[in-house]
Every structure is written in C-alpha cells, then in structure tokens.
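Engineer:
Numbering (UniProt numbering), first residue to last: 1 to 399.
(1) Quick check on residue 5: buried or exposed, where buried means 16 or more other Cβ atoms within 10 Å of its Cβ?
(2) Locate the beta strand (DSSP E) running through residue 123, then write down its first and last residues.
(3) Identify whether residue 85 lies in helix, strand or coil by the three-state DSSP scheme.
(4) Using the three-state DSSP reduction, which class does residue 326 fall into: helix, strand or coil?
(5) Candidates 246, 262 and 163: which alpha carbon is nearest residue 127's?
(6) List the endpoints of the continuous beta strand (DSSP E) containing residue 155.
(7) Quick one: what does DSSP say residue 32 is sitting in, helix, strand or coil?
(8) Select from 306, 234, 189 and 24 the residue whose C-alpha is nearest the C-alpha of residue 291.
(9) Measuring CB to CB, does residue 48 end up less than 8 Å from residue 232?
(10) Please return the same chain residues whose Cβ sits closer than 7 Å to the Cβ of residue 247, not counting the five positions on each side in sequence.
(11) Less than 8 Å between the beta carbons of residue 181 and residue 188, yes or no?
(12) Starting from residue 189, trace the beta strand (DSSP E) in both directions and tell me its first and last residue.
(13) Drop a sphere of 10 angstroms on the beta-carbon of residue 262, count the other beta-carbons inside from all chains shown, and report buried for 16 or more, exposed for fewer.
(14) Mind checking who residue 286 pairs with in its DSSP beta bridge?
(15) By the three-class DSSP mapping on this structure, what secondary structure does residue 139 have?
(16) Based on DSSP bridge pairs, tell me the residues matched to residue 71.
(17) Assuming residue 27 and residue 245 form a contact by the criterion Cβ under 8 Å, report the distance between their Cβ atoms to the nearest whole angstrom.
(18) Below 8 Å between beta carbons: does that hold for residue 426 and residue 212?
(19) Please report the distance separating the alpha-carbon of residue 378 from that of residue 359.
(20) Just the C-alpha distance for residue 214 and residue 260, rounded to the nearest angstrom, thanks.
(21) Would you give the residue range spanned by the alpha helix (DSSP H) that residue 278 belongs to?
(22) How would you label residue 202, buried or exposed, when you count the other beta carbons within 10 angstroms and need 16 or more for buried?
(23) Along the alpha helix (DSSP H) that carries residue 223, what are the first and last residues, could you check?
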C-alpha cells in the first residue's frame with residue numbers, strides 16, 4: 001500500500017524507484033497468501049486429530065487406579081457358595097495414577113526444533129484380574145475346598161499404568177502357600193495418539209514452516225529476485241517502455257541502471273527508496289480534521305487506504321478541472337478559427353459583389369468605380385459579413 005501511494009504522490013525520482021518494487025510486490029504477496037491459505041486448510045484438517053490427542057492426554061492426567069474386590073464366603077459347608085456368600089457391594093479402593101518415572105524439568109520444556117524429543121508416546125495401561133483361594137488359611141485350594149465362615153475366595157479387578165508382577169500368572173498346579181494368581185493384559189488407551197499427532201505436526205510444520213511470508217518488500221534481495229522487478233526496471237529506469245523481457249542485451253545496461261538507482265548490489269535500496277517513502281505525507285481524518293501523517297511502517301491499513309482514497313479523489317478533481325480548462329481553450333480556438341474563416345469568406349463575397357464591368361452596374365454602396373482603370377473596386381471601409389461574431393465571442397468567454 002505504501003508503494004502504491006509513493007508511485008502516485010512521490011517526486012519523479014521516487015516514483016521511478018518505486019515502480020520496480022511495486023511490480024515485485026504482487027508475486028511476493030501471492031506466494032505468502034498461497035502459503036497462508038494452504039496452511040489454514042491444513043490447520044482445519046489437522047486440528048481434530050490434535051484435539052483428540054489433547055482430550056486423551058487430559059483423561060490420562062486425571063486417571064486413577066480403581067481396584068474392585070469381590071470376596072466370596074462359603075456357607076455351612078466348605079466350598080459351598082450360596083446367596084449369603086456374595087456381599088451386597090464389592091470392596092472398591094481408588095488411588096490417583098502417578099508417573100513412576102518423573103522427568104527432569106529440561107525434558108518437559110517444549111522445543112519445536114527437537115522433533116525427536118517432542119513425540120507424544122503411546123500410553124499403555126494394564127488390566128489385571130486376580131484370583132485368591134485358600135483352603136485352610138495357609139495353602140491354596142489345590143488339595144482342599146475353601147473353608148466355610150471366612151472369605152477364603154476373592155476375585156479382584158483393577159487397571160494400572162504399570163504391570164503388577166508381584167504374583168504368578170499360574171498358581172494352582174500343586175498345593176502350596178502361594179494363594180493368589182494375577183493375570184494381566186496390556187491395553188493401548190491412547191489409541192494411536194502418537195501416530196496421529198506426529199502426522200498432524202509434520203503436515204503443519206511443512207505447510208506453516210515455509211519462508212514465503214518472510215520475504216520483505218523492504219529488502220533489495222527479495223524484490224530484485226523477482227522477474228517482474230527487472231521487467232519494470234527496464235521500462236522505467238532503462239527507458240524501454242514497451243519492454244517484456246527481464247534482462248537487457250547486454251545485461252550490463254540493466255545492471256548499471258540498478259546500481260545508479262539503488263546502489264552497488266542494492267546496498268542503498270533502503271536509503272534511496274524506503275527512507276524517502278517514509279517521509280511522504282498523506283491526509284487522514286483525526287477528530288474531524290484533516291491531518292497529515294507520514295508513510296512509516298507503523299502506519300495502519302485504515303490510514304493508508306483512507307489516505308490513498310483521498311489522494312486519488314484530489315487527483316480526479318484536478319484532472320476534471322484541467323479537462324474543463326482544455327475544453328474552454330479548445331472552444332476559444334474554434335471561435336477564432338471561425339472568425340478568420342468568416343473574414344476570409346467576407347472578403348471573397350466582397351470581391352464577388354464588386355465585379356461589374358460597367359459603371360452603371362457597379363454597386364455604389366459597397367463598391368467604387370475607378371474611371372482611370374475603368375473597373376469596379378471594393379470600398380476600403382466596407383465590411384461585408386454574413387455571420388455575426390458577437391455570439392461566438394460570448395460563447396468562448398463563457399467556457
């Protein structure tokens with residue numbers, strides 16, 4: 001926007017330096033827009049995967065270990081399970097889940113550049129089921145039935161982030177004092193979170209990690225790399241207005257002009273162009289008063305668009321005034337031409353009136369008879385005109 005304003009409001013030298021940069025702005029902004037648009041689509045597509053992962057991880061953070069124990073008490077006779085053997089409610093105990101291995105603070109700090117360390121792990125949970133049985137309070141039930149009157153048979157179910165291996169998975173092949181069996185199985189409770197988030201992050205990094213939007217119009221290397229910049233430089237600086245090529249033959253012709261305008265390798269691009277642009281003034285409305293502001297980088301889009309609209313309006317008004325003056329001048333010129341033509345025609349008509357060959361036929365009001373030359377001539381003070389000049393003169397003055 002500042003380049004557009006400078007191309008209109010700047011002096012001749014500033015305008016000449018602005019136009020090549022303005023031509024380069026299009027491709028640079030288009031590349032940035034394409035990256036942002038594609039990145040926005042990727043964000044929309046991948047956010048659900050990240051939201052799903054976040055929800056599962058939050059659930060893990062709040063997860064607790066719940067252990068449910070159901071004791072069975074044989075009634076009347078050893079090994080007999082009756083209605084009274086089963087309690088009305090099982091015994092439930094709960095404890096918060098805690099990471100067995102606490103990470104150091106340095107490991108919890110997120111660094112986007114250390115992708116290998118930032119992968120979300122697949123979290124595993126273990127589902128446990130245990131069976132406890134004792135025949136006499138000391139040995140398992142291999143050689144005898146569970147005694148009546150005490151909870152000698154128990155079934156327990158729980159989940160935990162670590163596998164409980166305190167008891168064997170098989171325990172009743174022979175009579176022994178080991179009374180409990182624990183059977184466990186691993187379950188992936190995050191259900192593919194790691195792979196989903198890895199894919200999402202890779203896509204987001206690829207689409208949003210581009211450098212297209214880092215290309216600055218205030219940097220010479222950025223604009224000069226654009227073919228549009230070189231084409232316009234040839235038109236404006238070299239002076240080939242109808243040019244369509246992005247180089248000259250020899251190439252030194254363009255190189256010399258660029259050096260003259262922007263310095264060696266563009267090292268004066270900022271000084272000779274952008275510093276001048278920042279000094280330009282535009283009119284904006286502040287507190288219902290026209291205020292002149294410069295074109296420095298901190299100027300808002302609202303200020304720039306208002307200033308541009310105001311300036312174009314002033315140019316249009318000036319152009320309309322110039323057009324009206326040109327029309328007035330053209331009308332005056334036409335009137336003068338008509339006067340001259342009328343005078344010429346009058347002269348011709350006078351010549352036609354005074355053509356008699358005999359004195360009796362010579363019109364004495366417009367002509368005079370020369371006796372010596374024996375001819376009819378036009379009077380010196382006669383004015384013959386078939387067109388009135390006053391209306392034409394008034395018309396010319398009114399426009």
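Using N, Cα and C, we set each Cβ at its ideal position, and we do this for glycine too. Only a predicted model underlies this, so the values are computations on that prediction, with no experimental measurement involved.
Structural biologist: So, from the data block:
(1) buried
(2) Where residue 123 is concerned, there is no enclosing beta strand (DSSP E), given that its DSSP letter is neither H nor E.
(3) helix
(4) helix
(5) Comparing C-alpha distances from residue 127 to each of 246, 262 and 163 shows the shortest one belongs to 163.
(6) 153-160
(7) Correct three-state label for residue 32: helix.
(8) 306
(9) no
(10) 230 and 254
(11) Their beta carbons are not under 8 Å apart, which means residue 181 does not touch residue 188 by this criterion.
(12) Unbroken run through residue 189: none, as it is neither H nor E.
(13) buried
(14) Secondary-structure assignment with DSSP links residue 286 through a beta bridge to 289.
(15) Reduced to three states, the DSSP call for residue 139 is coil.
(16) 154
(17) That pair is no contact at about 17 Å.
(18) The structure shown has nothing for residue 426, since the chain only spans 1 to 399.
(19) The alpha-carbon atoms of residue 378 and residue 359 are separated by roughly 13 Å.
(20) 27 Å
(21) Here the alpha helix (DSSP H) through residue 278 covers 275-279.
(22) Classification for residue 202: exposed.
(23) 220-224
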